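The next block holds one structure in the form of structure tokens; read it before the comments.
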Amino acid sequence: MRGCDVVVVGGGVVGLSAAWRAARQGLSVAVVDPDPGAGASHAAAGMLAPVSEVTYTEEPLLRLGLASLERWPAFRDALQEESGVDVDYRAEGTLEVAYGPDDMAYLEDLAAFEETLGLPVERLTGRECRRLEPMLSPSVRGGLLAAGDAWVNPRRVVRALMVAFERAGGALVRERVTELLIEDGEAPGVRLASGEVRRAARVVLAAGSWSAALAPGLPVRPVKGQILRLRGPKGFLTRCVRGMVHGSPAYLVPRGDGEITLGATVEELGFDGRVTAGGVYELLRDARELVPGITELELAETTVGFRPGTPDNLPLIGPAVAPGVIAATGHHRGGVLLAPVTADAVTAFLTGGDVPDAVRSCDPERDLR
Ligand code: GLY
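As structure tokens, this is what we get:
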């Protein structure tokens, strides 16, 4: 039996961010995960796009995303400095494009809503869109530039977090947690697959889609996403491009090295880890409508990930399950974006500091029926 201040269950972007921040505050922290960063963080596109990723009925989620986006530059600076890893942070914005009159009407509503929030948004004609992104289809009728959106490479973020966390004195334990121990109504630690017990004053549950397996009743479910990685010339696209195609949102996220992440399916199929012919076909078909030239690029990778969905799409952040447990899970489509604000909140719950206001909507005990 070994003890520390905090055991974090789950080494994805959320768990590692919280663990790194807690370790920097002087707490002794262990992250337990058989393969850190191999879950949803490995599949994620890394868009830091609170406006483009949210429907505008979801205002608490939008507020949470904006609170986290605001934290990203300082989070990136500290992470890059403490790890020596470049996370490929880019801030050229999202270009949301439209084809039919319905899409244009949707974009107009979105622009009006963003303006009521005081967010920078620019309406563009089709020609102006193509001037920004010459690879766009000639049938694009118009678009919106969300200039405040940014993106990162989530795999590099995870690598950076592991380095920074260990340099801050944290311990990465590459094992699987099989049980949250509950003794006399409290949670004094976790049991590992090896049988070893890790004692801790507090347990942070950041196991994404696998959280409910450890805490039955926690309303988190896997939402399957298939995502592709294409390889092309650098500068093929310079910003994130999104659009509604055949009623589904499609996005293309360019990296500094020429890779383009193209996503993503949204499937309620539990833990079905198969890449399907239909999934790949639909992704390529829809993305080709936006950017016809993608068919010339190399298809470098197909991946499946499981977004941890909740009934209201808001994460679960705060005390939950039993005294001593803090949930940091259920981040659905936004784990990478929401990592900084979640890390601040978890650290505040651990140390008695001020919890960010935007996180109040994420109380795990809220009514989710
Ligand atoms: N955040 C992108 C996705 O969930 O597909």
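If you read the sequence shown in my numbering, its first letter stands for residue 1012, the second for the next number, and so on.
Cβ coordinates follow ideal geometry from the N, Cα and C atoms, glycine included.
Please read these numbers as outputs of a predicted model, since none were measured by experiment.
At the C-beta level, Gly1050 and Gly1345 stay beyond 8 Å of one another. Close CB contacts of Val1040 within its chain, under the 6 Å cut and outside five residues either way in sequence, are with Val1017, Ala1030, Ala1033, Ala1034, Gly1181 (chain order). Taking the Cα positions, Leu1077 is about 24 Å away from Gly1363. In terms of Cα proximity to Val1302, the closest of Met1255, Asp1355, Ala1212 is Met1255. Straight across, the Cα-Cα distance linking Ile1328 with Pro1351 is about 13 Å.
At a threshold of 7 Å, Glu1064 counts as near the ligand GLY, since its beta carbon sits closer than that to one of the ligand's heavy atoms.
Burial of Leu1038 is indicated by the presence of at least 16 other C-beta atoms within 10 angstroms of its C-beta. Contact annotation: Gly1290 and Gln1237 have beta-carbon atoms nearer than 8 Å.
With a cutoff of 8 Å on beta-carbon distance, Arg1202 and Glu1190 are scored as near each other. Residue nearest to Glu1278 within the set Glu1207, Leu1294, Lys1235 is Lys1235 (criterion: CA-CA distance). CA-to-CA, the gap between Gly1022 and Gly1320 works out to about 18 Å.
Annotation for Val1291: the continuous alpha helix (DSSP H) segment containing it runs 1288-1301. Shortest Cα-Cα distance from Leu1273 to any of Gly1284, Asp1283, Tyr1292, Arg1285 involves Tyr1292. Using a cutoff of 7 Å, the CB of Ala1056 counts as near the ligand GLY, since one of the ligand's heavy atoms is closer than that. Closest by C-alpha distance to Leu1248, out of Arg1142, Ser1220, Arg1166, is Arg1142. Residue pairing by DSSP puts Ile1337 in a beta bridge opposite Val1215, Pro1330. Secondary structure in the stretch 1179-1264: the beta strand (DSSP E) runs of 3 residues or longer, each lying completely within the stretch, are 1182-1184, 1188-1194, 1197-1203, 1208-1216, 1232-1242, 1251-1256 in chain order. Here Ala1102 carries a coil assignment [DSSP, helix/strand/coil]. When DSSP states are grouped into helix, strand and coil, Leu1325 belongs to the coil group.
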